[in-house]
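Chains as they are written, first to last, in our numbering: chain A, 59 to 380; chain B, 692 to 1093; chain C, 8 to 302. From the three backbone atoms N, C-alpha and C, an ideal C-beta is built for every residue, glycine too. Since the structure is predicted, the reported quantities are computational estimates derived from the model, not experimental observations.
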Amino acid sequence: MAAIADLRAKSARTGDARSLTVAFCIMVALLAVAPFVVYPIFLMQALCFALFACAFNLLIGYVGLLSFGHALFFGWASYLCAHAAKRWGFPPEAAVLFGTASAAVLGLIAGFLAIRRQGIYFAMITLALGQMMYFVALRAPFTGGEDGIQDVPRGRLFGLFDLSHERTMYVFVLVMVLAGFLFIYRVINSPFGEVLKAIRENEPRAISLGYKTERYKLVAFVLSATLAGLAGALKALVFQLASLTDVYWTMSGEVVLMTLVGGLGTIFGPVVGAFLIVAMETYLAQLGQWVLVIQGAIFVFCVLAFRRGIVGELAAALRIKL
Amino acid sequence: MKTAASLAFALAALMTTAAHAQNPIPVKIGVLTDMSSLYADDTGPGSVAAAKLAIHDFNPAAHNMKVDIVSADHQNKPDVGASIARQWYDTDHVDAVVDVPNSAVALAVSDVTRQKNKVFLVSGAASSDLTGPKCSPNTVHWAYDTWMLANGTGKSIVKTGGKTWFFLTADYAFGHALERDTTAVVEANGGKVVGHVNVPLNNQDFSSFLLQAQASKAQIIGLANAGGDTINAIKQGAEFGITKGGQHFAGLLIFIADIQALGLQAAQGLILTEPFYWDMNAGTRAWTKRWQADRQGKFPTTVQAGVYSATLHYLKAVAAVKSAADGKAVVDQMKKMPSDDPLFGKGEVRADGRAIHPAYLFQVKTPAESKYPGDDYILKATIPATEAFRPMKDDHCPLLTQ
Amino acid sequence: MFEVFGIPSQALFGQLLIGLINGSFYALLSLGLAVIFGMLNVINFAHGAQYMMGAFAAYLLLQYLGLNYWAALVVVPLLVGASGIVVERLFLQHVRKLDHLYGLILTFGLALVIEGFFRNQFGSSGEPYQVPDALQSGHNLGFMFLPNYRAWVIVFSLVVCFATWFAIERTRLGSYLRAATENPTLVRAFGINVPRMVMLTYGFGVGLAALAGVMAAPIYNVSPQMGSDIIIVVFAVVVIGGMGSILGAIITGFALGIIEGLTKVFFPEASSTVIFVIMAIVLLIRPAGLFGRTA
Chain A
59 MAAIADLRAK SARTGDARSL TVAFCIMVAL LAVAPFVVYP IFLMQALCFA
109 LFACAFNLLI GYVGLLSFGH ALFFGWASYL CAHAAKRWGF PPEAAVLFGT
159 ASAAVLGLIA GFLAIRRQGI YFAMITLALG QMMYFVALRA PFTGGEDGIQ
209 DVPRGRLFGL FDLSHERTMY VFVLVMVLAG FLFIYRVINS PFGEVLKAIR
259 ENEPRAISLG YKTERYKLVA FVLSATLAGL AGALKALVFQ LASLTDVYWT
309 MSGEVVLMTL VGGLGTIFGP VVGAFLIVAM ETYLAQLGQW VLVIQGAIFV
359 FCVLAFRRGI VGELAAALRI KL
Chain B
692 MKTAASLAFA LAALMTTAAH AQNPIPVKIG VLTDMSSLYA DDTGPGSVAA
742 AKLAIHDFNP AAHNMKVDIV SADHQNKPDV GASIARQWYD TDHVDAVVDV
792 PNSAVALAVS DVTRQKNKVF LVSGAASSDL TGPKCSPNTV HWAYDTWMLA
842 NGTGKSIVKT GGKTWFFLTA DYAFGHALER DTTAVVEANG GKVVGHVNVP
892 LNNQDFSSFL LQAQASKAQI IGLANAGGDT INAIKQGAEF GITKGGQHFA
942 GLLIFIADIQ ALGLQAAQGL ILTEPFYWDM NAGTRAWTKR WQADRQGKFP
992 TTVQAGVYSA TLHYLKAVAA VKSAADGKAV VDQMKKMPSD DPLFGKGEVR
1042 ADGRAIHPAY LFQVKTPAES KYPGDDYILK ATIPATEAFR PMKDDHCPLL
1092 TQ
Chain C
8 MFEVFGIPSQ ALFGQLLIGL INGSFYALLS LGLAVIFGML NVINFAHGAQ
58 YMMGAFAAYL LLQYLGLNYW AALVVVPLLV GASGIVVERL FLQHVRKLDH
108 LYGLILTFGL ALVIEGFFRN QFGSSGEPYQ VPDALQSGHN LGFMFLPNYR
158 AWVIVFSLVV CFATWFAIER TRLGSYLRAA TENPTLVRAF GINVPRMVML
208 TYGFGVGLAA LAGVMAAPIY NVSPQMGSDI IIVVFAVVVI GGMGSILGAI
258 ITGFALGIIE GLTKVFFPEA SSTVIFVIMA IVLLIRPAGL FGRTA
């Protein structure tokens, strides 16, 4: 009997792995073809937000921590990458690395303060920390305040590839985002990831089993912050601009929206959600005043009736893991 | 054979006549504005209404042109704004982008416009850098900028007796720039700055800062901030009896929409500079009435009037050059032609892209003095066009040294 | 007249008094949040938007019905509180059994809808609202000119805060409320209508926010953004005070108003961040907040 259960579990896992691989291949294929059909800048923007949302989802979907201050890492990495590229003349790979590394450091500090609490407290603390860093960004001279850092040079990647060509830039962004995506997948499906899921399910039990949950949560937080930082740094190069909107708390709200709409706790959910919300904002820009109302209504609808999000519902309907 | 030949002849004749009949010159204008956040009342839908009036008054059919208009909300975000502008230029065949409040967005759009050789008619943003270090052969800056405001308000106030100043400065780049520019003007004209205080942006409560301003006994309290901050400061100033105590507020960046939000009870006595006032003369009044058909109950601001004026002048330039495709050529034409419209009077576009026209110093009326809705300003002084804007020699504009 | 760190004592007392006034708003708003969180376990992100609705309702009542400030003080909390009850019945009751986070996200969405709707209707500059005639002008206290309206704000907030605290901590109704939070099933078994109590409590918390809005209308710009500007600061106040504690919310609100006021004198540039910095420090020393109970 145990053997059969074991077999079932194994086949379920291989079935999972199969559906995930198929979905991944479909995603890569679509993204490879897309720039020939859709405006590349829009795609790159959506990709950056997809990575941002995946990073956020790591924390909420797999550890159960809702961070309402992720704009902190996204925006500050964006500023620091822009500053390095423009004012220190860093080549793009170094600038992105610098931005990402600073997000990691910020994540460590913020995580240390925030991890002490759970649930709602955690959310509020991250929100407040994010807002505090917004005010710092507002006043710090290097950020350019309201003007932001403009004219950020894209440079030549490794001295070889001129990133001012849209197609080249697109390949760079796509590769980085896919790398981040795969990294998150590895983290989730590793022993470390299993412990995180255990903490989400029942933290006291995990503690009683001897796991130092605080440390695990902190590591997860730092990883999430780092990847959000990577997304921000890439975005600074795509738009050649870093601005205050990237650190304001409404940006944190947007990433929550994307993940919720796409599907909390699913692997592909944040990607779908990011593309959808970015598309909505771009193509609904004509509607102007109603964008806020529509976003709010989507939040409400998702929480009440659509909690699993698009990918979640799809996965449940098809009985596969996505 | 004969029938075939005559048919061929007829066809050829038809085709040549068709070739001679001209296709109208296509022009597409994009109004990129803030529809939903801070500047929506100062710009927003009112700017779109103004642009539509400009197109109507220009009468494209008479010039063998076909003018289309699109609009979008940049939500006060530079990346959204830049990306919409880029997409408009790349895929939607937009030839000119108009308005764009928020200097960060404007600077980004100015760059994109230069790259794509289109035209940028900015009337919403304040930064004087747009015709200074960041000037571009494709950008024309209409209506107002920080230098005009600092100089207009600062100089005129000092000349009319307001010698001592205390600044409430919004603690970010824009506020500091405004304070710095105004200080330079005040001191150059014999005034004195007795103090200042840096106020955090989006601060709700100004009482402690107002106390400090009161204690300084300065004649003029300069508000180096904008939007909600200015409104809050003035409203609370009325509460604390600032004007009753003999001090006056100088609004360094304030529009009629803000005055309407405050109400005359709170705003009375405020001194400000604007290059446009709806009730200035018969021309502005007539235009305002037509504008209000779209925007009932509101009054047009400088920015919205600027959109009208800039769009009209642009279309005239396109008609003269017979094409909207080469942005720089159209802007060069705009610089060659003097501008004239009922809203700003006679003016011109300088080599650095700055459109100049007269500016006016106004004082806000008391509730008793206001006879009808919108009757908000008394004209205190007129600043001629040649003095209202920064002289080109101080621009540091790379275009001028070429 | 003596000097403290280079600031004359007169100015200092003036700033302290002003800090107390700001603290009144923080106290009222964090009290509402604390009541809602304590009783419903929901973080009401829409609190700022409901505060804004209170201010707008006061403006609209004056504009269209000619109801003055004093009538608004009574009518507006009831009206907006009623809208809160509708929200609770339609939305919140469905998420109470779920993770807290869904309540947060839901109320966040509601806040966006409300703010977006008001922006659409009223634009972003704001609407005028004047100080009521009876409270115009002020008194020269020697060290500063204190507008009468500001004095009224302090007094009235203190009264409301004290009354709320008394009602919850010292009356029988309050004890039912507190019991229902801890063990709703048992309280129901005693015949108390718990869902109705919860509904009314949410309405009450929202009414408190609206009351703060009416009081803010004469002095702060009545604009659709006014809620989102203040809500995050209030969150920080509640975290510092301790999430479930009513007394904590009140005391912390006033205290932080005073601290912020002092910062505006000595180091004005930092006055917008000082509350967050304090929050970070408090969290390091006492993670549950100053008056909170560890969950």
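Any Cβ of chain B closer than 7 Å to the Cβ of tyrosine 97(A) would place that residue at the interface, and such an atom is present. By DSSP's assignment, threonine 1073(B) forms a beta bridge with Tyr1051(B). Glycine 942(B) and alanine 958(B) have their C-alpha atoms some 10 Å from each other.
Ranked by Cα distance from valine 82(C), the options Leu67(C), Arg203(C), Leu148(C) are led by Leu67(C). The straight-line gap separating the alpha-carbon atoms of lysine 854(B) and glycine 845(B) is approximately 10 Å. By the beta-carbon neighbour count (other beta carbons within 10 angstroms, threshold 16), serine 282(A) is buried.
The stretch 231 to 249 of chain C makes no contact with the stretch 194 to 206 of chain C: fewer than 3 CB pairs, one atom from each, lie closer than 8 Å. For isoleucine 720(B), the enclosing beta strand (DSSP E) has its first and last residue at 716 to 724. Comparing alpha carbon positions, the residue from Ile945(B), Leu914(B), Phe946(B) closest to glutamine 938(B) is Leu914(B). Cβ contact annotation for aspartate 304(A) (same chain, cutoff 7 Å, sequence separation greater than five): Ala129, Phe132, Gly133, Ser136, Gly290, in chain order.
Distance from the CA of histidine 887(B) to the CA of histidine 867(B), rounded to the nearest whole angstrom, comes to 11 Å. Residue environment for serine 248(A): exposed (fewer than 16 other C-beta atoms within 10 angstroms of its C-beta). Going by beta carbons, phenylalanine 125(C) and proline 231(C) fall inside the 7 Å limit. Residues of the stretch 849 to 876 of chain B whose Cβ lies closer than 8 Å to any Cβ of chain A, in chain order: Asp862, Tyr863, Ala864, Phe865. For chain B, the residues of the stretch 127 to 143 of chain C that bring a beta carbon within less than 7 Å of one of its beta carbons are Gly130, Ser131, Ser132, Gly133, Glu134, Pro135, Gln137, Val138, in chain order.
DSSP places proline 275(C) in the helix class (H, G or I) of the three-state scheme. Alanine 295(C) sits away from leucine 38(C), with the two beta carbons spaced by 7 Å or more. Judged by beta-carbon spacing, valine 884(B) lies beyond the 7 Å limit of alanine 861(B), meaning their Cβ atoms are not closer than that value.
The closest CA to that of isoleucine 25(C), considering only Lys271(C), Leu291(C), Thr280(C), is found on Lys271(C).
Counting C-beta pairs closer than 8 Å gives fewer than three between the stretch 160 to 174 of chain A and the stretch 316 to 336 of chain A, which falls short of the contact rule.
Residue-level contact by beta carbon fails for proline 792(B) and chain A, as no gap is shorter than 7 Å. For alanine 915(B), the enclosing beta strand (DSSP E) covers residues 911 to 915.
Within chain C, the residues whose beta carbon sits less than 8 Å from that of tryptophan 348(A) are Gly123, Asn127, listed in sequence order. Sorting Asn916(B), Leu840(B), Ala864(B), Lys743(B) by C-alpha distance to the C-alpha of tyrosine 1051(B) places Leu840(B) at the top. Contact with chain C is found for aspartate 896(B), since one of that chain's Cβ atoms lies less than 7 Å from the residue's Cβ.
Checking the DSSP bridge columns, you'll see aspartate 862(B) has no partner listed. Cβ-Cβ distances below 6 Å link lysine 719(B) to Asp759, His784, Val785, Asp786 in the same chain, with the five nearest sequence neighbours on each side left out; the list follows chain order. Residues of chain A whose Cβ lies closer than 7 Å to the Cβ of histidine 107(C) are, in chain order, Gly177, Ile178. In terms of beta-carbon proximity, glycine 251(C) stays away from the interface with chain A, with every pair separated by 7 Å or more. Scanning the stretch 267 to 323 of chain A for uninterrupted alpha helix (DSSP H) segments of 4 residues or longer gives 271 to 297, 307 to 320, listed from N- to C-terminal end. A distance below 8 Å between beta-carbons, with the five flanking residues on each side excluded, links leucine 215(A) to the following residues of its chain, in chain order: Pro149, Pro150, Glu151, Leu221, Thr226, Phe230.
In chain order, Gly311, Phe357 make up the part of chain A whose C-beta sits under 7 Å from the C-beta of phenylalanine 115(C). For secondary structure counted as the beta strand (DSSP E) over 3 or more consecutive residues, the stretch 140 to 188 of chain C holds these complete runs in sequence order: 145 to 147, 152 to 154. A check of alpha carbon separations from isoleucine 335(A) across Ala92(A), Met85(A), Leu101(A), Arg76(A) identifies Leu101(A) as the nearest.
Comparing C-alpha distances from serine 132(C) to each of Arg1045(B), Lys989(B), Leu1006(B) shows the shortest one belongs to Lys989(B).
Only residues of its own chain outside the window of five on either side were considered, and among them Gly61, Ala62, Ala64, Ala65, Tyr76, Ala79, Leu80, Val83, Pro84 have a CB closer than 8 Å to the CB of valine 221(C), listed in chain order.
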